[in-house]
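> In the order they appear, the protein sequences are chains A and B. As numbered in the working numbering, residues 1 to 420 make up the first sequence, in order. As numbered in the working numbering, residues 1001 to 1381 make up the second sequence, in order. For every residue, glycine included, the Cβ atom is placed at its ideal position computed from N, Cα and C.
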Amino acid sequence: MQDLNAFRADTRAWLEDSCPASMRTPMPEDETVWGGRNAVFKNPDSKIWLQRMAEKGWTTPTWPQEYGGGGLDKAQSRVLAEELQRIKARPALVSFGISMLGPVLLEMSTHEQKLEHIPKIVHGEIRWCQGYSEPGAGSDLAGLGTKALLDGDEYVINGAKIWTSYADQADWIFCLVRTDFEAPKHSGISFILFDMASPGVSTRPIKLISGNSVFCETFFDDVRAPARNLVGRLNDGWTIAKRLLQHERTMISGFGLSSGRNNRGGLADNLAQTAMLYRGDVVELSDPVLRDQIAQFLIDSEAFTLTSQRSAQEARQSKGPNATSSVLKNYGCELNKRRYELALQAAGTQALGWESLTEDHSDFDQQELDVTRQWLRSKGNSIEGGTYEVQLNVIAKRVLGLPDMTSMVGSATSKKQAGA
Amino acid sequence: MSLVLNEDQLMLQQSARDFCREQAPVAVLRRMRDSEDRNGYPAQLWQSMVALGWAGMAIPEAYGGFDFGYSGLGLVLEETGRTLVPTPLVSTVLLSATVINLAGSEAQKTQLLPGIASGESVMALALEETAIHNPLHIELKAVKNGSGYMLHGDKQFVLDANVAGHFIVVARTDGETGHQEGISLFVVDSASKGIQVQRLNMVDSRNAGNVSFVDVAVSADALLGEEGKGWAALSRTLDIGRIGLAAEMLGGVQEVFERTVEYMKQRSQFGVQIGAFQALQHRAAIMYSEIELCKSLVLKALHELDRGEEAEDLPALASMCKAKLSEVYMLVSNEGVQMHGGIGMTDEFDIGFFMKRARVAQQTLGDAAFHRDRYASLRRF
């Protein structure tokens, strides 16, 4: 206990010295630091902040020091989190390497692979993207057809991925490929890492209903990747893929965590206030139906936040994410979608503008325009990272132990798909 | 703040669960109903529960209780909710003991609480005057009568009215219906002259009654707390009651759900277990998620209750619990009947008992709409 208090004092002092003042202010979305070879530091302080945090391994506080992590135990990392929270420090680095790939590499890759990749994740030197979904393999992810054929000590990769987040800005990809074409579909998949700068890799951003393009189509045309970049056993990639998906769900469920809380400053953050403002209400929201719906939404949000806390406390007693991650992912996403639908109702036609045509924003102000786009963006929450329906399947099968009919259907068609 | 149970609580939960499964299964409720039992609850079984300390769970040691807190009482209520065993836990232990403890004088507490903890007394909170929960709609009048008071008016849906030795009567000594000011609480012997109890045969087969008070004379020491200032204690009591009731409902919700999922694994149609059908699987998964949220709310609220004076946001928590549990118990009890198919419609099968209990519990102390409205007001919109 004394040690922990000393650790807290040291941490506090270090943060006081090391965290630049501008890194203690709310972060605009476009100042998020993703790292990578072409890292953009819109605010120069964020570069300093990243370097200092990475040097201590505190971008990944609990990862082993051997690979550049912070080497903190759980109690210490909680203290660090509390101290960061105390000064309202921005995250020094946000990346799929930290939230998805890293934990899986630490658990399932070789010492050499960890040495090669983990430190670069910790320091934000390499930005990763995820090569999972394909045009013909969405919810039926295991039906994927991107091929990897061994040629000497290299794999030759051909195929296409889709919905690859930020593929056009990523340096490396962790990718699911088919390495056995005869086996049942789940048993012929491998997990491989390669450089997006390799010859034969191309990407094309996809314009979404929100007008944004965070996702890409990614094409592989005779891309060569060293065989030593295969993680885990050959044809056992599905095990790794599933593990990684659990981490991904935990990450996405975080989107719903702040639902109902007043921390983003947009129209959707305080729905009741927005609804009253646009109706000129003073004491009570005059639309009783909307009032009831907002109340129900807020109650569910508070209950969801408590459930996330409870799940974390329970996880501390066992190990790592479990099937509850599907429950939280789904509920968090549905809450987020509900939140934006309610925001649209709250602000009426003012929340339905696509862009402003006036210089002074007298038609639509920025908050109103943001909420429209965020509403459209939220529709993806229940599709990405495994659809709502797939998560329900996972809960039914793994948590409730109900019989699995899709696997009967799946095995009957796998030969055909694998051959295609 | 911990949202997981500690060792003591886990042990209590296990012993309550074992007791209810072995000694107080749903068959007990069925037997009470079918025999048209006059008492309406299994008196002997109740004494065994009292011997386990359940009646004194939330009563301070100074007044004969065990001071195990509301978390303890909540766990017990949850287990009784799983087997639907009717007991005076809600009327007497959760509501009456609480209001006496909050509003009563030292003398009243010393006189009344030990009898509850020891299982000798059954008491009932005479509150409602309309079919819809409305704790401010109090028209029953208490007027000065010498040194005491004279009560006149009608109460309805009073839990355990037909077996209560005492009523805690919510009366108006001043002010108008709908106002907090002027509400007073009285402890009244149920055998007093002028009291008439009409027992109600409710769909959940639990005790309730309408009570009429025709010029019932009570002495000055029947007044619980200050005249006209009863609202604060009553309001707090109702919030505690709502949270306790939510705990009972949580037990029922989980039981219906587990029975239903089990049935989905046993029943076969078209050559497969019906649990393999996605149309049913997804509904089951949705219910599971909703129940997880319910658990967190009830745990949090009970945890806050045990912080006593330091409890934060209790009214909103109580409304969140009661709104959410009302909504989810309705969903899950309806799905329970539907997914059991024809057998779910039979009286012989237990699942219908849960749906009946769900509806009465939903209405008791305010349904989902009542509490969402209240929550919105508490959050100032």
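Please list the residues of the segment 297–308 of chain A that have a C-beta atom closer than 9 Å to any C-beta atom in chain B, keeping them in chain order.
Flagged, chain order: L298, I299, D300, E302, A303, F304, T305, L306, T307 and S308.
> Using a Cβ cut-off of 8 Å (strictly closer), state whether A:Y278 contacts chain B.
Counting from 1 along the first sequence, the entry for residue 278 of chain A is found at position 278. Closer than 8 Å: no.
> For A:Y67, collect the residues of the same chain with a Cβ closer than 8 Å to its Cβ; drop the 5 residues on either side in sequence, then sort them by chain order.
Working through the first sequence from its first residue, we reach residue 67 of chain A at position 67. Excluding positions up to five away in sequence, the list reads L106, K114, L115, I118, P119 and V122.
> Whose C-beta lies closer than 6 Å to the C-beta of A:V40 among residues of the same chain, with five residues either side of it excluded?
Here residue 40 of chain A is taken as the residue at index 40 of the first sequence, counted from 1. Cβ neighbours of A:V40 beyond the five flanking positions: none.
> Look up B:S1002 in the DSSP assignment and say whether it is helix, strand or coil.
The residue labelled residue 1002 of chain B in the question sits at position 2 within the second sequence. In the structure shown, B:S1002 sits in coil (DSSP, three-state: anything other than H, G, I, E or B).
> Spell out the partners DSSP gives A:W172 in its beta bridges.
Counted from its first residue, the first sequence places residue 172 of chain A at position 172. According to DSSP, which records beta bridges pairwise, A:W172 is partnered with A:W128 and A:D195.
> So what's B:I1059 in DSSP terms, helix, strand or just coil?
In the second sequence, counting from the first residue as 1, residue 1059 of chain B sits at position 59. In the structure shown, B:I1059 sits in coil (DSSP, three-state: anything other than H, G, I, E or B).
> Which residues bound the beta strand (DSSP E) around A:K42?
Residue mapping note: residue 42 of chain A aligns to position 42 of the first sequence, counting from 1. First-last for A:K42: undefined, no H or E at that position.
> Verify the CB distance criterion: does A:D140 have a CB-CB separation below 8 Å to chain B?
Mapped onto the first sequence, residue 140 of chain A falls at position 140. No, A:D140 does not count as interfacial toward chain B.
> Which residues in the same chain as B:D1174 place their Cβ atom closer than 6 Å to its Cβ, once the five residues preceding and following it in sequence are excluded?
Here the question's residue 1174 of chain B lines up with position 174 in the second sequence. Here the set comprises G1182 and G1228.
> Kindly indicate the opening and closing residues of the alpha helix (DSSP H) around A:L342.
As a first step, residue 342 of chain A is located in the first sequence; it is residue number 342 there, counting from the start. From DSSP, the alpha helix (DSSP H) with A:L342 extends over T324 to A347.
> Can you name the residues of chain A whose CB is closer than 9 Å to the CB of B:I1286?
Numbered from 1 along the second sequence, position 286 holds the residue referred to as residue 1286 of chain B. In chain order: N330, L392 and I395.
> Do you know how far the Cα of B:R1199 is from the Cα of B:I1100?
For the purposes of this step, residue 1100 of chain B is identified with residue 100 of the second sequence, where counting begins at 1. For the purposes of this step, residue 1199 of chain B is identified with residue 199 of the second sequence, where counting begins at 1. B:I1100 and B:R1199: Cα-Cα distance of roughly 25 Å.
> For a contact defined as C-beta to C-beta under 8 Å, what are the partners of B:A1276 on chain A?
Against the second sequence, residue 1276 of chain B aligns to sequence position 276. Those are L402, P403, D404 and M405, listed as they occur along chain A.
> Please report how far the alpha carbon of B:H1179 lies from the alpha carbon of A:D269, in whole angstroms.
Position 179 of the second sequence, counted from the first residue, corresponds to residue 1179 of chain B. Position 269 of the first sequence, counted from the first residue, corresponds to residue 269 of chain A. Spanning the two alpha carbons is a distance of roughly 34 Å.
> From B:A1097 to B:S1121, what distance separates their C-alpha atoms?
Locating residue 1097 of chain B in the second sequence gives position 97, counting from the first residue. Locating residue 1121 of chain B in the second sequence gives position 121, counting from the first residue. Each residue's alpha carbon lies about 10 Å from the other.
> Three-state secondary structure (DSSP) at B:P1315?
Sequence index remark: in the second sequence, residue 1315 of chain B carries index 315 (1-based). The answer is helix: DSSP assigns B:P1315 an H, G or I state.
> Report yes if the C-beta distance between A:G138 and A:T218 is below 8 Å; otherwise report no.
Looking up residue 138 of chain A in the first sequence gives position 138. Looking up residue 218 of chain A in the first sequence gives position 218. The answer is no: Cβ separation not under 8 Å.
> Could you list which residues in chain A have their beta carbon closer than 7 Å to that of B:K1322, in chain order?
Here residue 1322 of chain B corresponds to residue number 322 of the second sequence, with the count starting at 1. Correct list: empty, because the minimum Cβ distance to chain A is about 10 Å.
> In three-state DSSP terms, what is B:L1365?
Position 365 of the second sequence, counted from the first residue, corresponds to residue 1365 of chain B. The answer is coil: DSSP assigns B:L1365 none of H, G, I, E or B.
> Along the beta strand (DSSP E) that carries A:E217, what are the first and last residues, could you check?
Numbered from 1 along the first sequence, position 217 holds the residue referred to as residue 217 of chain A. F215 to P226 is the span of the beta strand (DSSP E), which, as asked, contains A:E217.
> Using beta-carbon positions only, say whether B:A1103 and B:G1230 come within less than 8 Å of one another.
As a working mapping, residue 1103 of chain B is identified with position 103 in the second sequence. As a working mapping, residue 1230 of chain B is identified with position 230 in the second sequence. Yes, they are a contact pair.
> With DSSP run on the structure shown, which of helix, strand or coil describes B:L1297?
For the purposes of this step, residue 1297 of chain B is taken as the residue at position 297 of the second sequence. Here B:L1297 sits in helix by DSSP.
> In the DSSP output, what is A:P205 paired with across the bridge?
The sequence position of residue 205 of chain A within the first sequence is 205, counting from 1. In the DSSP output, where bridge partners are listed per residue, A:P205 has A:C216.
> Who are the near neighbours of A:W63 in its chain, counting only those whose CB is closer than 8 Å to its CB and skipping five residues on each side?
The residue labelled residue 63 of chain A in the question sits at position 63 within the first sequence. Same-chain partners within the cutoff: G57, G69, G70, G71, G102, L106, I118 and V122.
> Applying a beta-carbon distance threshold of less than 7 Å, which residues of chain A neighbour B:Q1180?
Translated into positions along the second sequence, residue 1180 of chain B becomes position 180. In chain order: nothing, as chain A lies at least about 18 Å away.
> Starting from the C-beta of B:T1083, find all residues in its chain whose C-beta is less than 6 Å away, skip the five residues before and the five after it, and write them out in chain order.
Against the second sequence, residue 1083 of chain B aligns to sequence position 83. Only C1020, A1024, P1025 and V1026 meet the Cβ criterion.
> Give every residue of the same chain whose Cβ lies closer than 7 Å to the Cβ of B:I1351, excluding the five residues on either side of it in the sequence, and list them in chain order.
By 1-based counting over the second sequence, the position of residue 1351 of chain B is 351. Answer for B:I1351: V1256, R1259, G1336, V1337, H1340 and G1344, listed in chain order.
> Leaving out five residues before and five after B:G1275 in sequence, what residues of the same chain have Cβ atoms less than 6 Å from its Cβ?
Taking the first residue of the second sequence as 1, we reach residue 1275 of chain B at position 275. So the list reads M1264 and K1265, once near-sequence residues are dropped.
> Taking the continuous alpha helix (DSSP H) assigned at B:I1110, which residues delimit it?
For this step, residue 1110 of chain B is matched to residue 110 along the second sequence. It should be noted that the sequence gives Thr, not Ile, for residue 1110 of chain B. Start and end: E1106 to A1117.
> Is the CB-CB distance between B:A1126 and B:V1216 below 8 Å?
Position 126 of the second sequence, counting from 1, holds the residue named residue 1126 of chain B. Position 216 of the second sequence, counting from 1, holds the residue named residue 1216 of chain B. No, they are not a contact pair.
> Mind listing the chain B neighbours of A:Q313? Cutoff is C-beta to C-beta under 8 Å, in chain order.
Taking the first sequence and counting its residues from 1, the one referred to as residue 313 of chain A is at position 313. By Cβ distance, chain B contributes S1002, L1003 and V1004.
> If we count the other Cβ atoms within 10 Å of its Cβ and call it buried at 16 or more, is A:P288 buried or exposed?
In the first sequence, counting from the first residue as 1, residue 288 of chain A sits at position 288. A:P288 should be labelled exposed.
> Quick check: is the beta carbon of A:R261 nearer than 8 Å to any beta carbon in chain B?
The residue you call residue 261 of chain A lines up with position 261 of the first sequence. Interpretation of A:R261 is limited by its pLDDT of 37, a score under 50 that renders its predicted location unreliable; the figure taken from the coordinates is listed afterwards. No, its Cβ sits nowhere closer than 8 Å to a Cβ of chain B.
> According to the Cβ coordinates, are B:S1333 and B:F1354 closer than 8 Å?
Taking the second sequence and counting its residues from 1, one reaches residue 1333 of chain B at position 333. Taking the second sequence and counting its residues from 1, one reaches residue 1354 of chain B at position 354. Contact: yes.
> Tell me where the alpha helix (DSSP H) around A:Y155 begins and ends.
The sequence position of residue 155 of chain A within the first sequence is 155, counting from 1. Note, A:Y155: premise wrong, no alpha helix (DSSP H); beta strand (DSSP E) at E154 to S165.
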